[in-house]
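Chemist: To start, I am sharing the structure in question, which I have written as structure tokens.
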Amino acid sequence: MNDASHGLEFAQTQVARASLDHCVKCTICETHCPVSAVTPKFTGPKFVGPQAERFRHGESVDHSLDYCSSCGACTLNCPQGVQIAELNSQARAVMKADHMPLRDRLVSSTTLMGTLMTPVAPLANAALSIKPLRTVVEKVIGIHRDAPMPKANTQTITGWLKKRKKPATPASRGTVVFFHGCAGGYFEVETSKKSIEVLEHLGYEVLVPRQGCCGLAQQSNGLFDQASDKVLKLCDELRAAGKDLTIVSASGSCTGMLKHEAHEIMGVDDDRLKDVGTRIRDIMEFLLELYEEGDLPTDFAEVPLTTVYHAPCQLKSQGMGQPALEILKLIPGVEAVESGATCCGIAGTYGLKAEKYDVAQAVGKPLFDKVRDVNPEFALCDTETCRWQMRKGTGATVEHPIFVVHQAYGLS
Amino acid sequence: MQRVVVIGAGVAGLVAAIRLARGGARVALLTKGTGGLQLSQGTVDILGYSPDRVERPLDALAGFAGSHPGHPYAQLDAAEVGAAADYLKELVGPGLLVGDPAVNLQLPTAVGAVRPTALASPSMTAGACVDGAKFVIVGLSRLKDFYPELVAQNLNRTELPGGGRLSARGVTIDVVAREGEVDSSGLTFARALDDSGYRRRFAQAVKAVVEPGETVGLPAVLGLDDHGAWAELAELIGAEVFEIPLPPPSVPGMRLNRTLTQLAKDAGVRYVPGSRVGGFSASGGRVDSVQLGVAGGPRDFRADAFLLATGGFESGSLHADSYHQVHEIVFDLPLRVPEGALVHGDYWGEAQPLFTVGVETDERMRVRTPRGDVVYDNVYAAGGILAGATRWQEKSGEGIALASAVKAADAILAAAESTTSQGVAS
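Protein chains in written order, with my numbering: chain L, 1 to 412; chain X, 413 to 838.
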């Protein structure tokens with residue numbers, strides 16, 4: 001490529017490649033891959049990763065690479081530290097660079113979707129449920145007619161913040177910054193509200209600066225330039241709220257983008273990202289850290305609830321275990337059953353795509369079955385697109401675990 | 413409540429974590445990735461060669477320890493090793509492990525050698541290599557990791573450990589594991605065989621090539637999550653069946669690993685995969701915390717005790733620099749290093765001295781210097797990190813791992829008990 005941008009140049013030449021020599025061909029990654037488990041179209045993380053990478057010189061030698069969903073289960077489970085998922089995301093971006101589908105540009109424009117849909121929420125929701133219209137969209141653009149779509153809200157998080165009353169608890173513990181992400185701003189607004197209310201209940205002043213998108217969807221679609229611009233702009237916005245403040249988020253995968261993916265996959269090497277990436281905490285991780293320090297009030301009311309808890313792949317890939325499970329254990333009455341599923345299938349925008357929809361549904365099937373077995377009405381999961389996939393796949397109400405914490409503190 | 417951090421999720425780390433959690437400790441299990449148990453053959457070796465083939469491993473241990481003074485078995489007696497193997501057997505149940513730790517089974521490998529091991533999956537024991545046995549080894553043309561003719565021919569030419577010979581023939585059948593795939597992994601076959609409909613079709617194809625009186629040897633792919641799949645296949649085929657372990661992905665190893673990992677979680681262990689321990693802080697002769705390098709920066713894990721179960725050199729727990737200086741990567745612990753060159757050039761020759769490098773421990777499995785001083789009061793070690801063994805040649809890996817893990821876990825629980833009874837901590 002003659003006009004390789006920084007991100008793509010990095011992808012072709014950089015860091016993750018160095019880790020491939022640590023591969024001992026033990027196949028542990030292959031046994032964790034949820035995609036190759038359900039389709040022969042993907043030859044598996046070891047084959048397209050550390051093996052095929054040795055033969056790449058610009059051109060990719062194995063186009064089944066496009067079927068990698070970037071769930072990160074391979075990297076998470078590699079005992080030798082090979083960055084398999086990162087290698088594959090980079091190689092895919094290079095492979096797609098000269099023929100990026102319009103569809104992939106569209107589905108990754110998350111704030112655009114939110115901005116357009118919120119003012120006309122009832123209309124947008126109705127339009128997205130019209131079958132013939134979705135069929136046309138599938139034929140023309142390649143977004144599957146049955147793929148889960150977010151439900152537009154009439155109120156954004158910004159709208160709510162403007163209108164609501166002042167918090168009841170005085171801010172005795174200092175200040176945190178809340179990062180809601182696009183989905184938490186436009187679609188999963190309730191999760192953001194409850195997160196803010198729990199933080200305020202604990203005694204934090206919560207600042208919510210004006211904020212854009214982290215660029216994750218563009219990154220996973222290989223649009224590295226756009227994604228790098230977005231993530232740095234977001235860092236500026238979050239930093240503007242205050243220096244050295246802890247940033248808390250209920251958007252599991254966007255948090256992962258800031259913590260490691262922007263740096264490790266796209267090579268964004270910028271002090272602003274480093275600053276935000278080291279200050280940010282997933283909200284359940286934040287609560288668990290408080291608990292480990294003895295600073296989390298555990299005067300939880302009983303919540304009679306047996307439910308599947310599904311930790312999204314991009315939360316697990318942050319290498320911190322499943323903090324929500326530890327917090328849920330503290331709430332009397334709650335029995336949270338770990339889903340045991342690697343991934344729900346959606347993997348950001350992967351499961352929306354017409355050619356990958358069936359694969360994504362097959363990946364999600366063990367999770368859907370588990371929800372039906374344990375509690376067909378209700379399930380818990382930390383990220384937005386996964387909740388849409390699970391709701392669509394099971395018909396259950398699926399919410400962020402903060403809902404249960406909110407209730408156990410008597411806030412709902 | 414006593415807090416314990418276990419580092420490493422191989423068989424030693426998993427078993428110790430379960431025992432600690434069931435004993436009342438709050439356990440975090442930190443592991444870079446999936447542990448080595450998944451790569452194992454789904455069997456438990458205690459002692460296979462000393463250097464001659466061992467028939468009764470527990471009986472042989474005392475003599476072995478006498479002739480190997482620096483070996484982990486010099487600190488783990490036969491009763492402890494036997495009890496630890498039985499502990500694992502009880503944990504996973506008879507659906508996954510059977511046998512007597514005191515007696516070695518002699519089972520065929522995927523190249524047709526006869527391998528001594530103490531406990532095995534019940535799906536393997538019909539393959540015991542005894543005089544007069546009559547095997548048909550059935551391969552799958554779409555599975556490239558298993559060559560039935562090789563297995564059969566090598567078994568045929570082998571004078572059996574107990575004396576006598578067996579007869580074996582190889583045959584290959586073609587059963588599709590997954591449409592659209594001509595080259596399927598053992599795991600793909602195992603997942604297919606979890607389905608009872610597929611099992612029936614598979615059994616029919618095998619049955620067609622079995623002659624009366626033959627015991628059927630198949631690659632170890634007979635079901636992943638359904639631990640009874642092999643038994644149902646045997647019934648459908650109408651003959652005794654045994655599994656022969658393959659190179660990774662090893663399905664019997666996966667069954668054990670998944671079962672133990674789930675048992676650990678069920679016992680309340682916080683399982684944290686995917687990050688490396690990159691530092692620690694210590695004061696007053698004790699380690700206070702380790703730092704786990706999660707995405708976004710290091711996080712402190714404080715605990716009352718730390719169990720190092722990171723495995724040997726092959727697991728990356730030890731690092732050799734270009735001068736052949738070897739370092740332990742978590743606590744930079746003092747190591748016992750043999751004199752002279754650590755690696756010799758004779759690939760097929762004597763064991764490489766490098767692989768005996770490891771840590772020494774006191775009688776409570778606390779790490780000590782080669783001079784005998786305890787390094788940190790609350791740092792324990794178990795499994796492959798222990799100095800002095802060449803596990804794969806001795807076939808001693810699981811026996812060392814289990815006995816040291818159980819001993820370390822019990823010592824950690826006992827230490828908490830004694831501080832509690834002194835009223836120092838709760």
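We treat Cβ as the ideally placed atom computed from N, Cα and C, and that holds for glycine. Computed from a predicted model, the values in this text were never measured in an experiment.
(1) Quick check on this structure: which residue in X/A793, X/L766 and X/K556 has the alpha carbon closest to the alpha carbon of X/H756?
(2) Closest to X/P631 by CA distance: which of X/E593, X/R554, X/L719 and X/R569 is it?
(3) Can you give me the C-alpha to C-alpha distance between X/S838 and X/E829, rounded to a whole angstrom?
(4) Could you check what DSSP says for L/C381 in three-state terms: helix, strand or coil?
(5) Quick check: L/G375 and L/T278, are their CB atoms within less than 8 Å of each other?
(6) Taking DSSP as the reference, what is the three-state secondary structure of X/A643?
(7) One question on the structure: do X/A474 and X/A486 come within less than 8 Å of each other, judged by their Cβ atoms?
(8) What does X/G686 reach in chain L if we use C-beta pairs closer than 9 Å?
(9) Which residue's Cα is closest to the Cα of X/P469: X/T521, X/V542, X/G482 and X/E810?
(10) Taking only beta-carbon atoms, is X/V416 less than 8 Å away from chain L?
(11) Indicate whether the contact test is met: 3 or more Cβ pairs, each with one atom in the region 640 to 652 of chain X and one in the region 390 to 409 of chain L, closer than 8 Å.
(12) Checking the sheet assignment: what are the DSSP bridge partners for X/S808?
(13) Quick check: what's the CA-CA separation for L/V398 versus L/V308?
(14) Shortest alpha-carbon distance to X/F558 belongs to which of X/A538, X/A522, X/N566 and X/Y499?
(15) DSSP on X/V504, reduced to helix/strand/coil?
(16) Considering only residues of the same chain and omitting the five flanking positions on each side of L/L288, which have a CB-CB separation below 7 Å?
(17) Report back the beta-carbon spacing between L/Q318 and L/G256 to the nearest angstrom; my notes put them in contact at under 8 Å.
(18) Among the residues of its own chain, which have a CB less than 8 Å from the CB of L/M320, if the five just before and after it don't count?
(19) Looking at the structure shown, is X/E492 part of a helix, part of a strand, or coil, going by DSSP?
(20) Does any residue of chain X bring its CB to less than 8 Å from the CB of L/C414?
(21) Just by C-beta distance, which residues in the region 702 to 731 of chain X are closer than 9 Å to chain L?
(22) Taking 8 Å as the cut-off, does the region 228 to 239 of chain L touch the region 134 to 146 of chain L (at least 3 CB pairs, one atom from each stretch)?
(23) Which chain X residues are close to L/E416, counting only those with a beta carbon under 8 Å from its beta carbon?
(24) Would DSSP call X/K390 helix, strand or coil?
(25) Residues in the same chain with beta-carbon distance under 6 Å from L/S69, minus the five sequence neighbours each way, listed in chain order, please.
(26) Please look up how many angstroms separate the CB atoms of L/A241 and L/V177, rounded, as I've assumed it's under 8 Å.
(27) Just tell me which of L/A127, L/L273 and L/T154 has its CA closest to the CA of L/R145.
(28) In its own chain, which residues sit with a C-beta less than 6 Å from the C-beta of L/N2, not counting the 5 before and 5 after it?
(29) Would you tell me roughly how many angstroms separate the C-alpha atoms of L/C26 and X/R670, rounded to the nearest one?
(30) Return the residues of the region 236 to 265 of chain L that lie within a Cβ-Cβ distance of less than 9 Å from chain X, sorted by chain order.
(31) With DSSP as the reference, label L/K329 as helix, strand or coil.
(32) If the cut is a Cβ gap below 7 Å, which residues of chain L does X/R682 touch?
(33) With burial defined as no fewer than 16 other Cβ atoms inside 10 Å of the residue's Cβ, what is the status of L/F55: buried or exposed?
(34) Flag L/A37 as yes if its beta-carbon sits less than 8 Å from any beta-carbon of chain X, otherwise no.
(35) Under the three-state reduction of DSSP, which class applies to X/Q703: helix, strand or coil?
Modeler: Well, looking at it:
(1) Per the C-alpha coordinates, the member of X/A793, X/L766 and X/K556 positioned closest to X/H756 is X/L766.
(2) X/R554
(3) Reliability fails at X/S838, whose pLDDT of 40 lies under 50, so the model's placement of it is uncertain and the value that follows must be treated cautiously. Rounded to the nearest angstrom, the two C-alpha atoms are 9 Å apart.
(4) strand
(5) Checking the sequence, you will find Asn at residue 375 of chain L rather than Gly. Contact: no.
(6) helix
(7) no
(8) G72, T75, L76, N77, C78, K316, S317, Q318, G319, M320 and G321
(9) X/E810
(10) no
(11) no
(12) Partner(s): none; X/S808 has no beta bridge.
(13) 10 Å
(14) X/A522
(15) helix
(16) P323, E326 and I327
(17) Yes, they are in contact, since the Cβ atoms of L/Q318 and L/G256 sit about 5 Å apart, within 8 Å.
(18) D282 and E285
(19) In this structure, X/E492 counts as helix in the three-state DSSP scheme.
(20) In the structure as shown, chain L starts at 1 and stops at 412, and residue 414 of chain L therefore has no counterpart that could be examined.
(21) L704, G705, V706, A707, G708, G709, R711, D712, F713, R714, G723, E726, S727 and G728
(22) no
(23) As shown, chain L starts at 1 and ends at 412. That puts residue 416 of chain L outside it, with no answer to give.
(24) The question about residue 390 of chain X has no answer, for chain X in this structure spans 413 to 838.
(25) Once the five neighbours on either side are set aside, the close Cβ partners of L/S69 are V35, A347 and Y350.
(26) 4 Å
(27) L/A127
(28) Any reading at L/N2 is ruled out, since the residue's pLDDT is 35, under 50, leaving its predicted position unreliable.
(29) Spanning the two alpha carbons is a distance of roughly 17 Å.
(30) Going along the region 236 to 265 of chain L in chain order, one finds T255, G256, L258, K259, H260, E261 and E264 with a Cβ nearer than 9 Å to chain X.
(31) coil
(32) Correct list: G321 and E326.
(33) exposed
(34) Yes, because at least one Cβ of chain X sits closer than 8 Å to the Cβ of L/A37.
(35) strand
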